[in-house]
Structures are given as structure tokens and as C-alpha cells.
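*Asks:* Note that the sequence shown covers residues 12 to 307 in this note's numbering.
Ideal placement from N, C-alpha and C gives every residue a C-beta, glycine not left out.
Here you go, one structure.
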Amino acid sequence: MRPGLQTRRRRPEARGGSLRTGRSIAGASAPLECRHDLDANVSILSSRLRGGVVTPVRILVHGASGRMGQALLRLARARSDLEVVAAVAGSAPRQRVVDGVPHFAASELGGVPTFDVAVDFSLPDGLRPVLAVCERRGAAFVSGTTGLSDDQCEALDTAATRIPLVWASNFSLGVAVLQDLVRRAAGLLPGWDCDIVESHHTRKVDAPSGTALTLGEAAAEQGAHPRYASLRAGDIVGEHLVQFTTRGERIELIHRAGDRDIFAAGALHVAQRLAGRAPRRYQVADLLAATEAPLP
Ligand SMILES: NC(=O)c1ccc[n+]([C@@H]2O[C@H](COP(=O)([O-])OP(=O)(O)OC[C@H]3O[C@@H](n4cnc5c(N)ncnc54)[C@H](OP(=O)(O)O)[C@@H]3O)[C@@H](O)[C@H]2O)c1
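Take a look at the structure:
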């Protein structure tokens, strides 16, 4: 993608994947679900007890040599409740073991050691092989890879009937809140123009960004018809402006990510809470919710 401004209209409903129907953050803490969450947490905790000791969740990092992969490896090292047991990149690793973590090429996925959750921030071509390994091994899957085709989104839905799975275009808490605000603003402002402007670094390959599309889907749920503009410049980590305009007035909602660690930290948090859950597709807000009892 060349630097510059591209504008594009896109009907969000034409895109695959079930995130279109994302729940509000408030929905994640409904009282009726508390008992269910408690039961789920007790069963997950039991599954992590080995010899009376709670063991760390074993993580496979997929896309390990990339910007996000490197952030995941660094942040996971600092957590005692996670253990990275394998790091996988597209091409063959220069070093087989780094900081005690065995590294593999994507073509060697079949030989990785036992893991509880794969955390995938790679490129769309890498999705199916790592998803297939998770299904074969009954491991959970967390993915933030964007630019997926409709077929790849459908593969996620199918896999979610067999394993617990989260795919999200953005793992930051701030964007989860922005999504909720956009949905509410769109509902309160029928007939206003809705425009989403996203800015990213020049090496980002997909446009509009997955986050822009997710925000647009939240607005479209309330009857808005979002338009998209994409700017590629310098090393911008990620900015999303959602603008509602009518004659004489304008509302701007904006999120600026200053550091990609926020996405990596969110994905690791989600991975830790996803391991051992029942197969289905979960939303980030379900697992980030403050009301959910934290596991040791
Ligand atoms: N959801 C979120 O919150 C969020 C936040 C930031 C970024 N993202 C998304 O995360 C993805 C990665 O971003 P990035 O900036 O880290 O990209 P990047 O720096 O280009 O890294 C891509 C990684 O994927 C690996 N890879 C490429 N093809 C592969 C394949 N077929 N199988 C396995 N691994 C493969 C690469 O390995 P080689 O170098 O060996 O090819 C590299 O490790 C993008 O889709 C981006 O949009 C999502």
C-alpha cells in the first residue's frame, strides 16, 4: 500500500465473520451470566491444576518474528501465568532457541510441542495452517490478524464449533469502549453522515483497517452508512477517527494508539482467560470484563 489518502465506501455486511454482531461492553457483565462465569472459572482452574499446583498457560506465538510477535514474546516473558512453549514465523528461524523458547518455521507447525493457546498475529495466508493445528490438538485460538477473506472468516466460525476462539481487529480496551460509544452515537444521530478515518504506518498491507471496519459495523447496526478513508504515513501505530456530521455541527470520536504493546498485552490477557473454556467464539469484551473473576 502506497502512502497517501484513499477513500472507499464499503458495505460492512458484505464481510464475513461473526464480529458484526459484537455485544456491548455492558452486556458482558449481565448478572444472569455471573453464575455461569463462576462455574466456568472453577472448571478452568481445575484444568490448570497439575499435582495441586496451578500451572502457567502454555502459549504458541504465531507470527513471532513480526512487530506484534516480538511484543508478545517480550510481554509474555514478564508474566508468571504464561509460558511461551513455541514461536512460529513464516520463514526458517535464524536461531533455533531464543531465551529458552524453541523457534519454528510455519512449515514445521506439525512438530511444535503441546500448547494450550495459539496467539496469532501473522498474515492471512498463515491463518488456516495454525487454526488446523489448534483444532487437531484441541487448543484455544486467539488471532488479531487482519485483512482476512470471507473464506478465512468462515473457517474461524467453523473452528469455533470445536475450540474456544477469539478473533478481534483490535485488542485494546480503549477501542472496545470506542466501539460501544460509536454504536450509541449512531443510534442517537439518525440521518447524520458517518465517516471513519484511519491512519497507520506505511507497512500496513490492508485498508481500510480491520478496526475501522469493526467500528463501521457498530455504526451500521444502528442504521448509519459509514464511509472510510485510509492514510498510510510514517510509523503511526494506529489512529481511528469516527466523525458524525450534519448541517452546522459535528461530533468526533477518536482513539490513538501510541504503542503496539497495548494490543499485545490485551491479546495475552485474553489468551490467559480463554484457555480451557468451552468451544465457541468469544468477544474481547467477554474476557476483558472487570466483573469476571481473575484466575491466579
Ligand atoms: N488486532 C490487533 O489488535 C492488531 C494490532 C496490530 C496489528 N494487527 C495485525 O497483526 C498482523 C501482524 O502485524 P505485524 O505488524 O506484526 O506484521 P509483521 O511485522 O509484518 O509480521 C508478520 C509476521 O507473520 C509471519 N508470517 C508471514 N506469513 C506467514 C505464514 N504464511 N505463516 C506463518 N507466519 C507468517 C512473519 O514471518 P516472516 O517474517 O518469517 O515471513 C512475521 O513473523 C497484521 O495482520 C496486523 O494488521 C492486529
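#1: Taking all protein chains shown into account, do 16 or more other C-beta atoms lie within 10 angstroms of the C-beta of Pro-307, making it buried, or fewer, making it exposed?
#2: Regarding Phe-255 and ligand 1, is the C-beta to nearest heavy atom distance less than 8 Å?
#3: Say the cut is 8 Å; is the CB of Leu-134 nearer than that to a heavy atom of ligand 1?
#4: So what does Ile-262 bridge to, in DSSP terms?
#5: Using a Cβ-based criterion (distance less than 8 Å to any ligand heavy atom), does Phe-182 qualify as near ligand 1?
#6: So what's His-212 in DSSP terms, helix, strand or just coil?
#7: Tell me the rounded alpha-carbon separation between Ser-35 and His-266.
#8: Measuring alpha carbon to alpha carbon, tell me which of Leu-176, Asp-131, Val-109 ends up nearest Leu-298.
#9: Does the distance from the CB of Ile-207 to the CB of Arg-238 come in under 9 Å?
#10: What does the alpha-carbon distance come out to for the pair Arg-271 and Ala-143?
#11: How many Å lie between Ala-246 and Gln-233 at the Cα?
#12: Does the distance between the C-beta of Phe-126 and the nearest non-hydrogen atom of ligand 1 fall short of 8 Å?
#13: Within the chosen definition, does the segment 250–259 reach the segment 94–107 through at least 3 CB pairs nearer than 8 Å?
#14: Between Val-141 and Ala-129, what straight-line distance do the alpha-carbon atoms span, to the nearest angstrom?
#15: Measure the CB-CB distance between Val-96 and Leu-120 and report whether it falls below 9 Å.
#16: Assign Arg-147 to one of three DSSP states: helix, strand, or coil.
#17: Between the Cα of Ala-289 and the Cα atoms of Cys-164, Ala-276, His-211, Phe-152, which residue gives the shortest distance?
#18: I'd like to confirm the pairing. Which residues does DSSP put opposite Val-68 in its beta bridges?
#19: Write down every uninterrupted run of the beta strand (DSSP E) in the segment 157–220 whose length is 3 residues or greater and which is fully enclosed by it, in chain order.
#20: For the candidate residues Leu-199, Arg-78, Thr-66, whose alpha-carbon lies nearest to that of Arg-90?
#21: Closer than 7 Å by C-beta to His-211: which residues in its own chain qualify, once you throw out the five before and the five after it? Chain order, please.
#22: Can we count Ala-87 as close to ligand 1, meaning its CB is less than 8 Å from some heavy atom?
#23: Please confirm if Phe-182 has its CB atom under 9 Å from at least one CB of chain B.
*Replies:* Quick look at the numbers:
#1: Caution applies to Pro-307, whose pLDDT of 32 falls short of 50 and renders its modelled position unreliable; the model cannot decide the point.
#2: no
#3: yes
#4: Phe-255
#5: yes
#6: coil
#7: Bear in mind that the predicted position of Ser-35 carries a pLDDT of just 34, short of 50, making it unreliable; the figure below should be weighed with that in mind. Between Ser-35 and His-266, the C-alpha separation is close to 18 Å.
#8: Leu-176
#9: yes
#10: 27 Å
#11: Sequence inspection shows Asp at residue 246; the Ala mentioned does not correspond to that position. Using only the alpha carbons, I get a separation of about 33 Å.
#12: no
#13: no
#14: 8 Å
#15: no
#16: helix
#17: Phe-152
#18: Leu-93
#19: 175–178, 204–211
#20: Thr-66
#21: Ser-220, Arg-243, Ile-247, Gly-249
#22: no
#23: The structure shown has no chain B; it contains just one protein chain.
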